[in-house]
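Student: Chain order of the listed sequences is Y and L. Using my numbering, the first residue of the first sequence is number 12, and each one after it goes up by one. Using my numbering, the first residue of the second sequence is number 3, and each one after it goes up by one.
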Amino acid sequence: MEELSAKELRDKIAARQISSLEATEAVFKRIDKLEPVIGAYISTYHDLALEKAADVDRRIAAGQSVGQLAGVPVALKDNMCTTFGATTCASRILENFHAPYNATVVEKLLAADAVIVGKANMDEFAMGSSTENSGLKQTINPWDASRVPGGSSGGSCAAVAGRLCFAALGSDTGGSIRQPASFCGVVGLKPTYGCVSRYGLVAYGSSLDQIGPITQTVTDSALMMNVIAGHDPADSTSVDENISPVFDYLEKLYEPLDKLTIAIVPQFAAGADRQVQKAITEAIDVYKKLGAEIIEVNMPHLDYAIAAYYLIATAEASSNLARYDGVHYGHRSEKAEDYIEVYSKSRAEAFGKEVKRRIMLGTYALSSGYYDAYYLKALKVRNLIRADFTGVFEKCDCIMMPVSPTTAFKIGEKVDDPLTMYLSDIYTIAANLAGIPGISVPCGFDDNNLPIGLQILAPAFGEDKLLRIARMFENQTDWHKRKAPDIS
Amino acid sequence: MSSDLHYKLIVGLEIHVQLCTKSKMFCGCAVEFGQKPNSRVCPVCLGMPGVLPVMNKQAFEYAVLVGLALNCEIAQFTKWDRKSYYYPDLPKNYQISQYDLPLSANGYIEIPLESGKTKNISIIRAHLEEDAGKNLHTAGNFSQVDLNRTGTPLLEIVTEPDMNSAAEVRALAVELQRMVRFLGVSEADMQKGHMRFEPNINLIITRDGTEYRTPIVEIKNLNSFRALERSVDYEQARQLDEFLENGVVMGMGNKTTRGWDDEKEITVLQREKEEAHDYRYFPDPDLVPVKMTPQWLSEIQGRLCELPIKRQLRYVDQYKLSDYDAGVLTADRSTSDLFDEAVKAGAEPKRLCNIITQTGLKIANEKGCSAGDLGLKAQSVANLAGMIEGGTISAGSAGQIFEAMVETGKEPEVLAEELNLIQKSDAGELEAIVDKVLADNPKAVDDVTGGGKKSKKARGFLLGQVMQKSKGQANPKVVSEILVKKLG
Ligand SMILES: [Zn+2]
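(1) Taking 9 Å as the threshold (C-beta atoms), are T272/Y and I305/Y in contact?
(2) Take A101/Y and list the residues in its own chain whose beta-carbon comes closer than 7 Å to its own, dropping the five residues that flank it on each side.
(3) For V481/L, count neighbouring C-beta atoms within 10 Å of its own C-beta (all shown protein chains included) and say buried if the count is 16 or more, exposed if not.
(4) What does the shell around ligand 1 hold, if a residue joins when its beta-carbon is under 6 Å from any heavy atom?
(5) Looking only at its chain, what residues have a beta carbon closer than 6 Å to the beta carbon of A429/L, apart from the 5 residues adjacent to it on each side?
(6) Anything in chain Y within Cβ reach of N40/L, meaning under 9 Å, just list it in chain order.
(7) To the nearest angstrom, how far is it from the Cα of I317/Y to the Cα of L224/L?
(8) According to DSSP, is C206/Y part of a helix, a strand, or is it coil?
(9) Using CA coordinates, which residue listed in K85/L, H129/L, K364/L is at the minimum distance from E16/L?
(10) For V171/L, count neighbouring Cβ atoms within 10 angstroms of its own Cβ and tell me buried if that reaches 16, exposed if not.
(11) State yes or no: is the beta carbon of T248/Y nearer than 9 Å to at least one beta carbon in chain L?
(12) Could you name the residues of the same chain whose beta carbon sits closer than 7 Å to that of H8/L, not counting the 5 residues immediately before and after it, in chain order?
(13) With a cut-off of 9 Å, does the C-beta of F284/L fall near any C-beta of chain Y?
(14) How big is the Cα-Cα spacing for V66/L and E189/L?
(15) If you draw a straight line from the alpha carbon of E276/L to that of M432/Y, how long is it in whole angstroms?
(16) Please list the partners that C92/Y has in chain L, where partner means a Cβ-to-Cβ separation under 9 Å.
(17) Beta-carbon within less than 6 Å of Y101/L's beta-carbon, same chain only, minus the 5 sequence neighbours each way: which residues are those?
(18) Could you tell me which uninterrupted alpha helix (DSSP H) segments, each at least 4 residues in length, are contained entirely in the region 209-268 of chain L, listed from first to last along the chain?
(19) State the beta-bridge partners of V19/L as determined by DSSP.
(20) With a cut-off of 9 Å, does the C-beta of R288/L fall near any C-beta of chain Y?
(21) I'd like the list of long-range same chain contacts for D336/Y, defined as Cβ closer than 6 Å, with 5 residues on each side in sequence excluded.
(22) Flag this pair as touching only if the region 432-442 of chain Y and the region 408-417 of chain Y have three or more C-beta atom pairs under 8 Å; answer yes or no.
(23) L340/L and G374/L look like a contact to me (Cβ under 8 Å); what is the Cβ gap, rounded to whole Å?
(24) Name the DSSP bridge partner or partners of V452/Y?
(25) Could you compute how far the alpha carbon of E433/L sits from the alpha carbon of I484/L?
(26) Starting from the Cα of G401/L, find the closest Cα among I435/L, I365/L, S167/L, T394/L and give me that residue.
(27) Just checking my contact of G96/Y with E293/Y at CB under 8 Å: how many whole Å lie between their CB atoms?
(28) Hey, is R273/L's beta-carbon within less than 9 Å of any beta-carbon in chain Y?
(29) Which first and last residues belong to the beta strand (DSSP E) in which G199/Y is found?
(30) Going by C-alpha to C-alpha distance, which of L417/L, G109/L, Y64/L sits closest to F305/L?
(31) Let me make sure I understand the geometry here. Which of A418/L, N58/L, E405/L, L178/L has the alpha-carbon closest to that of G153/L?
(32) Which of the three DSSP states, helix, strand or coil, is assigned to V468/L?
(33) How big is the Cα-Cα spacing for T497/Y and G173/Y?
(34) Let me confirm a value: G109/L is counted as buried when at least 16 other C-beta atoms fall within 10 Å, else exposed. Which label applies?
(35) Threshold first: 3 residues or longer. Then list the beta strand (DSSP E) segments lying entirely within the region 40-113 of chain L, N to C.
(36) How about C176/Y and V128/Y: do their beta carbons lie closer than 9 Å?
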């Protein structure tokens, strides 16, 4: 049963060939067996999940209408607020934080009758590329227990790759869905900024954060998008449906695509590992065989994406994380003598190293006297990158490049070298700066049998087309059918 | 040693006005004063992880309306910025405010001077922001925080240092209060902290032809007109003394902040502002900029009314009312509207003014409302004025009728009958009474006809006797005419 995709499972549950209860119990059996090694979850909700599954089964048996994900066990990244359990962001400062409300995406999943099995590990406050910055636990890559799952949505991706759920939600600020999806051999979609509500997503870099699906197949990605996309009055940055109509992405998935033009950026992609480059070239050949035209483009400002990102994201983070001060909720230092010490000691005790580093960077970038040279200049670079994309998309339907320059690296390999760690997001960051959608689809393996991801980028609100392009590839290949071995 | 010394007081004001919207600036919580602490809060104004602000359109329109009344330019494009500082009454540890693109700027407010003339005080800017909560220092070693006020819409108005006396400062404050009440955008209740003032004060001193400037002092958080006026007066004297004693001038001590001690009636040093606080302003990525379209602006413009100062001047100019009476009538909108409508309904303005300012305000004070809110129809009040004018009732009985109108809702004509207050103007009937009085008081008649000193007094005496005999119902004007006819 665990070999089924989310959509296949949903259809079988609807047809009463499998019950949601059976599927959910099977998932928890795998969690019992594999989770001690994989470490994908910060918390799981056995009783709540079974209750929901039984309810869905009952309603299907009674012939009542059910939602689009009826009975499908799914996971959430632990930075999405839920009224059940804790919402920790993998940070000790929120270790015992219980949100008084559900994130909009959580409400939507529940309304679609999904069964939420647990909340997944991540880099603390989504800051990182390996999930090693989690303040609470270690997650491994299901393909190789000595390697990282990527990050920051490492727990969500490991959970999908390890079949500890049928689909998951992650969040992507600079590649946090696509990079771990590529490391774990699953499909990860970062939608257009404003496509999915951020209400209830604990903010890291507010102008970059976006929630998206992590799934085994492109079809599942479309199914998840059907549930989570759309305007939310509680999120002023979620786009009006007059500008970005919400599609039935599943239905659109099967519309034929002809005269596809794909842009590649050779000078930029040249920095990737040889084996990664080879897999990408072969993937593009698949499209060529399907009749696609390939054009080479130059995007001069992509080289500055990382620099701009680490100023903008950290500036926003320094402000977003100011509220974790021990006064109103979260960890409060026992040692504080006055209110200033409540702030300084609570924060010093409970934030991890990388979070502190980014708060410092961001505070510096916004300080008077430095604002123009750093923050403002980064915004200008961001506009140039946007313009680069706009120019290229006039000539093509999508851009293809690697997701990450390498496959999954060893646990501990880069923790003491933040700059090298930052470089693992070199191909993904630009999409966040430009606000455009990007997807990672499995496109091969390296000599160590580690998955490689192909990244496809499309114009803003072009998710429907992006998913169709991705599915064309999936149709021709079977990389997505390879499953990580059960490590125990 | 004597020297030639002049000085000039220079004051600029920063004013915070709480807008009387139903809900808070960025969430749906009710704006209510005096409720149980932390009972008017939600995840958004508590700054919970993951929440997002949504702009209150009504607050924005109220702010624009004030901007228009202050003769400001209204920005076509305005945005929200985060102002960062740590304080327990500020849950997010940043305040959403407006920094470099305020919604309105470059205006002026016309204020009345004691001379009866007016003066224009320049307005640098007026922008919207959210209020903080309140720290309560009650329980032992701990402070408590009440966040009911957190997120209440506040309009911050900054003037140029155009005021040169404490009386002018007070006049501006009073004028602004009257203006926002007229516009219906704030209750401007000082006791509830709806208006808070922060004057910036210094002196330009000329001694023996050389000009000196004393260091600028900012007085924080004044919430009464009296404290505002007295603190400015106090600072003027203190700064002059300090200059004469120590010769302290600007640049030597820089700007300092002082507080007002209401009991001792002195200002007290709070902190030396060696350098400006670094608030690390940057655009709030959770809110979209506001674009003011010409249609929207003209719609708001349509809600602008004649401003109180203009009405006051019009009453003096057009109706020849005294500046004092005109000021009383325009102290609040509904009273002044009642006056205007009653004039329109035919009332003689001076007569009407007397009725409203004497009886009307007296009853209103007793009831704790304004004269315009006593529930009287403008036409009825106009009719009452007309009855005095036409001699149907005496001016003295107008008050009694007015009071009865408020109590019973009956028309003045009906009440005059019921209360037996219709004046006797029938010449025949009155002549009989006059004849009787003349017959009874031969001495007085002699005094009148004899002319000279006693004549006027005796005539008055006879008139009084007639009034007494008619139980006050005789029309004194008609009686006088009869007396003239009979006695010359
Ligand atoms: Zn609220």
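Positions of the beta carbon are idealized from the N, C-alpha and C atoms, including for glycine. Since the structure is predicted, the reported quantities are computational estimates derived from the model, not experimental observations.
Tutor: With the given structure in hand:
(1) yes
(2) I53, D89, N132, M133, D134, E135, S145, G146, L147
(3) buried
(4) K26/L, C29/L, C31/L, V43/L, C44/L, V46/L, C47/L, G153/L
(5) none
(6) Here the premise fails: no neighbours, minimum Cβ distance about 10 Å.
(7) 48 Å
(8) coil
(9) H129/L
(10) buried
(11) yes
(12) T208
(13) yes
(14) 17 Å
(15) Confidence in E276/L is poor, its pLDDT being 47 and thus under 50, which makes the residue's placement unreliable; the coordinate value appears in the next sentence. Their Cα atoms are separated by approximately 41 Å.
(16) P45, M50, P51, G52, V53
(17) D83, Y283
(18) 227-248
(19) L157/L, M197/L
(20) Inspection of the sequence shows that residue 288/L is occupied by Asp rather than by Arg. True, the Cβ-Cβ gap to chain Y drops below 9 Å.
(21) Y354
(22) yes
(23) 4 Å
(24) L465/Y
(25) 7 Å
(26) I365/L
(27) Going by Cβ atoms, the distance from G96/Y to E293/Y rounds to 43 Å, so no, they are not a contact pair.
(28) no
(29) 198-201
(30) Note on residue identity: the sequence assigns Arg, not Phe, to residue 305/L. Minimum Cα distance to R305/L is reached at Y64/L.
(31) N58/L
(32) helix
(33) The question names Thr, but residue 497/Y is Asp in the sequence shown. If you take the alpha carbons of D497/Y and G173/Y, they lie about 7 Å apart.
(34) buried
(35) 83-86, 96-99
(36) yes
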